[in-house]
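**Student:** Supplied in structure tokens, the structure appears directly below.
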Amino acid sequence: MNKQAPCTRIPTHYVTETVVRQIMQFLFTWALFLLVLSGTGCSRKDADKEDSHPEEVKTVVVKSSDPNVIEMEHPERFPLVEAERKEVADEINANGVVTPDVNRSVAVLALAGGRVADIKVKMGDDVKKGQLLLQIHSPDLASAFSDYQKARADELLARKQLERSQALYARGAIAEKDLEAAQNAEDKARIDVKTTANRVSVLGGDPDHYSTILDVRAPISGTIVEQNVSGGTGVRSLDATPNLFTIADLSRVWVLCDLYEDVISQVHLGDTASVHLNAYPERPFTGRVSNIGRILDPGTRAAKVRIELANPGLLMRSGMFVTASLHSRKRSERLVLPTSAIVRLRDRNWVFVSLGNNRFRKTEVQTGPPAGDRLQQILAGLQIHDKVAVNALQFANASEVK
């Protein structure tokens, strides 16, 4: 019989220590790997941040002994524009107010006296021609109806008498003059009917429908711009009462401006005008001068100039204050700059004139009316060919000019 070699037994505590050591090495290796991977990602993010925020080029202002002279590093960041002369129409600015066109305004009156029974509209309402405005209980209308009914009764009686006279005359019972008298009486009665019927119609009634209620209707379509009546008030006769209402068609309006005597000679009938409203500063309205007043106000030494213009969308309301620019037919050469080259600081207008060698001078200018698309007239402070920063606001912010 073969004998088996004896089996060598490994101690249990040795096996346990070996397994634990291998597990620890495995965990350490993974931890080290994750740490390296995390560090690489952070480095990339930092690099990306540095790449995405390159260093900005800052404008450096060098102080000068003259407070109005500014020395700039990197002046190439501020493009220049040259002051030049341009032929523009002479322009006169004036303040004015919007008023209704009197040729498109109608006063609403009651042709009969009485007491207001009902008011259907109020100040500011838009109305259509023929729309009922108010009703008046009128004794005058009642009297007119009474006269009309009496006239009709007299006419009926006169017609019957004429018919009898014609029958008698045919039999030879009356003379011809009696027939003529009956015919004359019937003619007068017929005229009285027409006269009294017309009076009822003029007062606002309908001769065929008796009523003492007078309906007052709108004579034109438009807007009620004046109201002088309220419910229950008395209405007097035509010659002793103010307008009940005033209706104006505001599709076209007037602008009345005050023009001082030293510039009246520069304005002519037919000159164009641009009107600007405070409510809509970006939307100019265009009209024409239709009248230049012949009388000066002794207090202001100004004459009234009337501008007629369309009112699209009824945006202009009666009483609004406006600024009007009157464009004369005369054209002159004026020094102009882009509006962006002018900055307003402390209620004064300034430009930044290039002196060369990275230097600029802050210069006050006197501006005139606009000279076209984004151009401004320069009345004083600059000479032709002077070069200034085209964006004055950007320059002022960069140089911290106050």
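Numbering (our numbering), first residue to last: 888 to 1289.
The C-beta atom is built at its ideal place from N, Cα and C for all residues, glycine as well.
Since this is a predicted model, take the numbers as computed values, not measurements.
1. Indicate whether the contact test is met: 3 or more Cβ pairs, each with one atom in the stretch 1130-1146 and one in the stretch 1200-1208, closer than 8 angstroms.
2. Locate the beta strand (DSSP E) running through Ile-1078, then write down its first and last residues.
3. Which residues bound the alpha helix (DSSP H) around Leu-1280?
4. Below 8 angstroms on the Cβ atoms is my guess for Gly-1294 versus Phe-1172; work out the distance and round it to an integer in Å.
5. How long is the line joining the alpha carbons of Leu-1213 and Leu-1021, rounded to whole angstroms?
6. Whose C-alpha, out of Glu-1287, Asn-1244, Pro-1257, Val-1238, is nearest the C-alpha of His-961?
7. From Glu-958 to Thr-1159, what distance separates their C-alpha atoms?
8. How big is the Cα-Cα spacing for Gly-1000 and Thr-1120?
9. With distance defined between alpha-carbon atoms, name the residue in Gly-1118, Val-1116, Gly-1109, Tyr-1035 nearest to Lys-1016.
10. Give the list of continuous beta strand (DSSP E) stretches no shorter than 3 residues that lie fully inside the stretch 1232-1286.
11. For Ala-1060, which of helix, strand or coil comes out of DSSP?
12. Does the beta-carbon distance from Thr-1083 to Asp-1012 come in below 9 angstroms?
13. Would you be able to state if there are at least three C-beta pairs under 8 angstroms between the stretch 989-1006 and the stretch 1225-1238?
14. Does the distance from the C-beta atom of Val-1223 to that of Lys-1274 stay below 9 angstroms?
15. Extract the residue ranges of the alpha helix (DSSP H) inside the stretch 1146-1201, only unbroken runs of 4 or more that lie entirely within it.
16. Quick check: Val-985 and Val-1277, are their CB atoms within less than 9 angstroms of each other?
17. What separation, rounded to the nearest whole angstrom, lies between the Cα atoms of Asp-1005 and Arg-991?
18. May I have the straight-line CA-CA distance separating Ile-1100 from Lys-1081, to the nearest angstrom?
19. Near Arg-1086, what residues of its chain come up, given a Cβ to Cβ distance below 6 angstroms and the 5 sequence neighbours on each side ignored?
20. Between Val-1003 and Val-1122, how many whole angstroms is the CB-CB distance? I'm expecting something under 8 angstroms.
21. Per DSSP, Asn-980 forms a beta bridge with which residues?
22. Just to confirm my understanding: we take Ile-1107, look at its own chain, exclude 5 residues before and 5 after, and list those with CB closer than 7 angstroms. What are they?
23. Quick check: what's the CA-CA separation for Glu-943 versus Gln-1270?
24. Going by DSSP, what residue range makes up the beta strand (DSSP E) through Arg-964?
**Tutor:** Once the coordinates are examined:
1. yes
2. Looking up residue 1078 in the sequence shown gives position 191. No beta strand (DSSP E) contains Ile-1078, which is instead part of the alpha helix (DSSP H) from 1063-1089.
3. Position 393 of the sequence shown, counting from 1, holds the residue named residue 1280. Here the alpha helix (DSSP H) through Leu-1280 covers 1279-1286.
4. Residue 1294 lies beyond the range of the chain shown here (888 to 1289); nothing can be said about it.
5. Indexing the sequence shown from 1 puts residue 1213 at position 326. Indexing the sequence shown from 1 puts residue 1021 at position 134. Cα to Cα, the separation comes out at about 43 angstroms.
6. Indexing the sequence shown from 1 puts residue 961 at position 74. Out of Glu-1287, Asn-1244, Pro-1257, Val-1238, Asn-1244 has the C-alpha closest to the C-alpha of His-961.
7. Your numbering for residue 958 matches position 71 in the sequence shown. Your numbering for residue 1159 matches position 272 in the sequence shown. In a straight line, the C-alpha of Glu-958 is about 46 angstroms away from that of Thr-1159.
8. As a working note, residue 1000 is residue 113 in the sequence shown. As a working note, residue 1120 is residue 233 in the sequence shown. Computed Cα separation, rounded: 11 angstroms.
9. Numbered from 1 along the sequence shown, position 129 holds the residue referred to as residue 1016. Ranking Gly-1118, Val-1116, Gly-1109, Tyr-1035 by Cα distance to Lys-1016 puts Gly-1109 first.
10. 1235-1243, 1246-1251, 1253-1257, 1262-1267, 1274-1276
11. Residue mapping note: residue 1060 aligns to position 173 of the sequence shown, counting from 1. Three-state DSSP puts Ala-1060 in coil, outside helix and strand.
12. For this step, residue 1083 is matched to residue 196 along the sequence shown. For this step, residue 1012 is matched to residue 125 along the sequence shown. No.
13. no
14. In the sequence shown, residue 1223 corresponds to position 336, counting from 1. In the sequence shown, residue 1274 corresponds to position 387, counting from 1. For Val-1223 and Lys-1274, no; Cβs fall outside 9 angstroms.
15. none
16. Locating residue 985 in the sequence shown gives position 98, counting from the first residue. Locating residue 1277 in the sequence shown gives position 390, counting from the first residue. Not a contact, by the Cβ cut-off of 9 angstroms.
17. Mapped onto the sequence shown, residue 1005 falls at position 118. Mapped onto the sequence shown, residue 991 falls at position 104. Answer to the nearest angstrom: the Cα atoms are 27 angstroms apart.
18. Residue mapping note: residue 1100 aligns to position 213 of the sequence shown, counting from 1. Residue mapping note: residue 1081 aligns to position 194 of the sequence shown, counting from 1. Straight-line Cα distance between these residues: approximately 21 angstroms.
19. Looking up residue 1086 in the sequence shown gives position 199. Correct list, in chain order: Ala-1031.
20. Translated into the one-based positions of the sequence shown, residue 1003 becomes position 116. Translated into the one-based positions of the sequence shown, residue 1122 becomes position 235. Rounded, the Cβ-Cβ distance is 6 angstroms, consistent with contact.
21. Taking the sequence shown and counting its residues from 1, the one referred to as residue 980 is at position 93. Asn-980 pairs with Ser-1212.
22. Locating residue 1107 in the sequence shown gives position 220, where the first residue counts as 1. Val-993, Lys-1016, Ile-1134, Asp-1136.
23. Residue mapping note: residue 943 aligns to position 56 of the sequence shown, counting from 1. Residue mapping note: residue 1270 aligns to position 383 of the sequence shown, counting from 1. At Glu-943 the pLDDT is 43, less than 50, meaning the model places this residue with poor confidence and gives no usable figure here.
24. Looking up residue 964 in the sequence shown gives position 77. Unbroken run through Arg-964: none, as it is neither H nor E.
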